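Chemist:
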Amino acid sequence: MLNFKRLLKISLAGASGVVILFAAIAVAASQDKIHIDQFISPEICAGCHGEIFAQWENSMHNLSHKDPVYSRVSQFLRKGLTDEGEIQEAESCVKCHTPVGNVTGFPEKLSDDLSKTPEIATHGIQCDYCHSAVSINQMYNNGLVLKPGQGEDEPGIKYGPFDDSIPDFHEAQYSKLHTESQICGTCHDVKHVAFGTNLETTYTEWKNSPYNSKDPAKRIECQGCHMYQRPGIPSTGSTPRPENPGAATDYSDERLHIFTHYFVGGNSSVPGNFDGQDKDQMAIERLQNAASLLVDTSLIMQKKLNITVTNTGAGHSIPTGVGDLRQVWLEITIQDKDASFQTGVLNDKHELSKDAVIFQTVFGDEKGNEVINIAKARQVLKDNRIKAKQSITETIDLPWMPQKDAMVTVRLLYRGMSQKILNLIPGQPFEPLPIVEMAKVSKRI
439 MLNFKRLLKI SLAGASGVVI LFAAIAVAAS QDKIHIDQFI SPEICAGCHG EIFAQWENSM
499 HNLSHKDPVY SRVSQFLRKG LTDEGEIQEA ESCVKCHTPV GNVTGFPEKL SDDLSKTPEI
559 ATHGIQCDYC HSAVSINQMY NNGLVLKPGQ GEDEPGIKYG PFDDSIPDFH EAQYSKLHTE
619 SQICGTCHDV KHVAFGTNLE TTYTEWKNSP YNSKDPAKRI ECQGCHMYQR PGIPSTGSTP
679 RPENPGAATD YSDERLHIFT HYFVGGNSSV PGNFDGQDKD QMAIERLQNA ASLLVDTSLI
739 MQKKLNITVT NTGAGHSIPT GVGDLRQVWL EITIQDKDAS FQTGVLNDKH ELSKDAVIFQ
799 TVFGDEKGNE VINIAKARQV LKDNRIKAKQ SITETIDLPW MPQKDAMVTV RLLYRGMSQK
859 ILNLIPGQPF EPLPIVEMAK VSKRI
């Protein structure tokens, strides 16, 4: 460790002291710098961890750099900005989406020529990135502190959830951090780099939820759902989360539980574009076990309909992540023999009307005007998302009193991004993102 107080005294002694000071700082910086060749390719890890690699391959972690929706939308939101703070925020996506490249020097910002990204960095959030993490310096904007080895010839220590691993290729060490939500939160909480606005709060949502219980029997970390899930087993807060017996490597002893590495979240389209159709289906299974609906027609004579949405399965808000871009909404249709009513039904551009009930975050600029570009977000104008294990009741005013035997159908729907945003992006039009029915109730009056 450098004695910076002593160096400061040296610098004050004269010009030669200043030279010594800055030389020492440069040495310290070079010692802390991580080089791209210190990381091991995921394909190398696959040589022993074949099953885990297959789970991770074409997951949203693996595709964080290659995701075409992220790539085109982030580039679109970057263009045309002139405010320095807004530019800084728009440029910062690569910290979490291309972390190995960012910590080793390229890309430093979104506007860099991403075609020059080192090959190993294009694999997104990868094995050697997470398993080189030793501590955290901030709980947002990728605050992980890494200690990778020296590449394939000297891979160093890999950190994980077991205290008895004796691998051949690298050293291994137990890490409590890898069993806790904090390691996820460093990227799954995002603050505006210039304005400090909370742009994504997935970790904080979990931290403030009942899942973050002081009672170990009731506490469920992020890993307790997302790294227990596998095909046919959504592992949400409303479903069983059975352990996943197996071996961490192709030749080691079986354990009671091996953390899974599918990392699908709610994205049911991008993995399938990269031969990850199984992960698309897993995302659908997760969304279908996240929320419930209750339709109350007791006030129908007053031309009112009460709809209650309960977050039964997500350990965070619904939706989470970029809550201004993702959409969860109510599609409501009522039909009697003479009239009909509907809201939340997509138009011919696959966009929602303004009267739709959407659960989302709305950001504003410094004057309180709504903005669709998070780079411009200086404040949160609205956040009506459904918190973990909580309910929201929406009262719908009807234009007429439905007759007896009218059919009421309510669906809770999800898609990964607003079509309105996608329709703004120049170039090849986006295919409409898939819509997942999270819950549905049909009721006759």
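Positions 439 to 883 (this note's numbering) are the ones given, in order, by the sequence shown. Ideal Cβ positions, reconstructed from N, Cα and C, are used throughout, including at glycine. Source: prediction; values computed, not measured.
Can you tell me whether Pro545 is buried or exposed? The criterion is at least 16 other CB atoms within 10 Å of its CB, across all chains shown.
Modeler: Here residue 545 is taken as the residue at index 107 of the sequence shown, counted from 1. Buried: at least 16 other Cβ atoms inside 10 Å.
Chemist: Tell me the rounded alpha-carbon separation between Arg764 and Val747.
Modeler: As a working mapping, residue 764 is identified with position 326 in the sequence shown. As a working mapping, residue 747 is identified with position 309 in the sequence shown. Those two C-alpha atoms are separated by around 17 Å.
Chemist: Indicate whether at least one CB of chain C lies closer than 7 Å to the CB of Gly684.
Modeler: Among the protein chains of the structure shown there is no chain C, as only one such chain exists.
Chemist: Please state whether DSSP places Lys881 in a helix, a strand or coil.
Modeler: Within the sequence shown, the letter at position 443 stands for residue 881. Strand.
Chemist: Which partner residues does Leu850 have in the DSSP bridge list?
Modeler: Position 412 of the sequence shown, counted from the start, is the residue given in the question as residue 850. Its beta-bridge partners are Leu768 and Ala877.
Chemist: Could you spell out where the beta strand (DSSP E) holding Leu819 opens and where it closes?
Modeler: The residue labelled residue 819 in the question sits at position 381 within the sequence shown. Where Leu819 is concerned, the enclosing beta strand (DSSP E) stretches over Gln817 to Asp821.
Chemist: Label Lys792 either buried or exposed according to how many other C-beta atoms from any shown protein chain fall within 10 Å of its C-beta, with 16 as the threshold for buried.
Modeler: Locating residue 792 in the sequence shown gives position 354, where the first residue counts as 1. It counts as exposed.
Chemist: My understanding is that Arg823 touches Ile756, with C-beta atoms under 8 Å, so please give their C-beta distance in whole angstroms.
Modeler: For the purposes of this step, residue 823 is identified with residue 385 of the sequence shown, where counting begins at 1. For the purposes of this step, residue 756 is identified with residue 318 of the sequence shown, where counting begins at 1. Right, the Cβ-Cβ distance comes to about 6 Å (below 8 Å), so this counts as a contact.
Chemist: If you compare alpha carbons, which of Gly543, His664 and Thr799 is closest to Asp762?
Modeler: For the purposes of this step, residue 762 is taken as residue 324 along the sequence shown, with counting starting at 1. Of the candidates Gly543, His664 and Thr799, the one whose C-alpha sits nearest the C-alpha of Asp762 is Thr799.
Chemist: Going straight from the alpha carbon of Gly684 to that of Glu804, what length do you get?
Modeler: Translated into positions along the sequence shown, residue 684 becomes position 246. Translated into positions along the sequence shown, residue 804 becomes position 366. Approximately 53 Å, taken between the alpha carbons.
Chemist: Quick check on the DSSP output: what are the complete alpha helix (DSSP H) runs of length 4 or more inside the segment 723-749, in order along the chain?
Modeler: Taking only runs of at least 4 residues, no alpha helix (DSSP H) segment lies wholly in the segment 723-749.
Chemist: List the DSSP bridge partners of Ile756.
Modeler: Stepping through the sequence shown from its first residue, residue 756 is reached at position 318. Bridge partners of Ile756: Ile824.
Chemist: Can you give me the C-alpha to C-alpha distance between Thr758 and Asp627, rounded to a whole angstrom?
Modeler: Reading the sequence shown from its first residue, position 320 is the one you call residue 758. Reading the sequence shown from its first residue, position 189 is the one you call residue 627. Distance between the alpha carbons of Thr758 and Asp627 is about 10 Å.
Chemist: For Arg816 and Phe633, which I take to be in contact (beta-carbon distance under 8 Å), what is that distance rounded to the nearest angstrom?
Modeler: For the purposes of this step, residue 816 is taken as residue 378 along the sequence shown, with counting starting at 1. For the purposes of this step, residue 633 is taken as residue 195 along the sequence shown, with counting starting at 1. Indeed, because the Cβ distance is near 5 Å, the residues count as touching under 8 Å.
Chemist: Any idea if Gln564 is buried or exposed, counting beta-carbon neighbours within 10 angstroms, 16 or more meaning buried?
Modeler: In the sequence shown, residue 564 corresponds to position 126, counting from 1. Buried, since its Cβ has 16 or more Cβ neighbours within 10 Å.
Chemist: Taking the CB atoms as reference points, tell me whether Ser676 and Asn727 lie closer together than 7 Å.
Modeler: If you number the sequence shown from 1, residue 676 lands on position 238. If you number the sequence shown from 1, residue 727 lands on position 289. Against a cut-off of 7 Å, the Cβ pair of Asn727 and Ser676 comes out as a contact.
Chemist: If you measure from the CB of Val874, is any heavy atom of the ligand MN nearer than 6 Å?
Modeler: By its list of ligands, the structure shown contains no ligand whatsoever, and the ligand MN lies outside what it can speak to.
Chemist: Kindly identify the DSSP beta-bridge partner or partners of Gly802.
Modeler: Taking the first residue of the sequence shown as position 1, residue 802 is located at position 364. Glu808 and Gln817, per the DSSP bridge assignment.
Chemist: Ignore the nearest five residues each way along the sequence and tell me which others in Phe868's own chain have a CB closer than 6 Å to its CB.
Modeler: By one-based count along the sequence shown, residue 868 stands at place 430. Counting only Cβ-Cβ distances below 6 Å, and skipping sequence neighbours, we find Leu860.
Chemist: Within the segment 516-604, note down every full alpha helix (DSSP H) run reaching 4 residues or more, in order along the chain.
Modeler: Qualifying alpha helix (DSSP H) stretches, in chain order: 522-529, 532-535, 537-542 and 565-568.
Chemist: On the criterion of 16 or more Cβ atoms from any shown chain inside 10 Å, does Arg516 qualify as buried, or is it exposed?
Modeler: Looking up residue 516 in the sequence shown gives position 78. Answer is buried; the Cβ neighbour count reaches 16.
Chemist: According to DSSP, is Ser778 helix, strand or coil?
Modeler: Residue mapping note: residue 778 aligns to position 340 of the sequence shown, counting from 1. Strand.
Chemist: From Thr735 to Gly485, what does the alpha carbon distance come to, in whole angstroms?
Modeler: Against the sequence shown, residue 735 aligns to sequence position 297. Against the sequence shown, residue 485 aligns to sequence position 47. Cα to Cα, Thr735 sits roughly 59 Å from Gly485.
Chemist: Check each candidate in Val733, Gln773, Ala813 and Ile873 and name the one with the smallest Cα separation from Glu832.
Modeler: Against the sequence shown, residue 832 aligns to sequence position 394. With distances taken between Cα atoms, Glu832 lies closest to Val733.
Chemist: How would you label Ser651, buried or exposed, when you count the other beta carbons within 10 angstroms and need 16 or more for buried?
Modeler: Within the sequence shown, residue 651 is the residue found at index 213, counting from 1. Label assigned to Ser651: exposed.
Chemist: Three or more C-beta pairs under 8 Å: does that hold for the segment 529-542 against the segment 571-591?
Modeler: Verdict: yes, contact present.
Chemist: Can Thr674 and Gly751 be called in contact, C-beta distance under 7 Å?
Modeler: By one-based count along the sequence shown, residue 674 stands at place 236. By one-based count along the sequence shown, residue 751 stands at place 313. It is a contact, given that the beta carbons lie within the stated cut-off.
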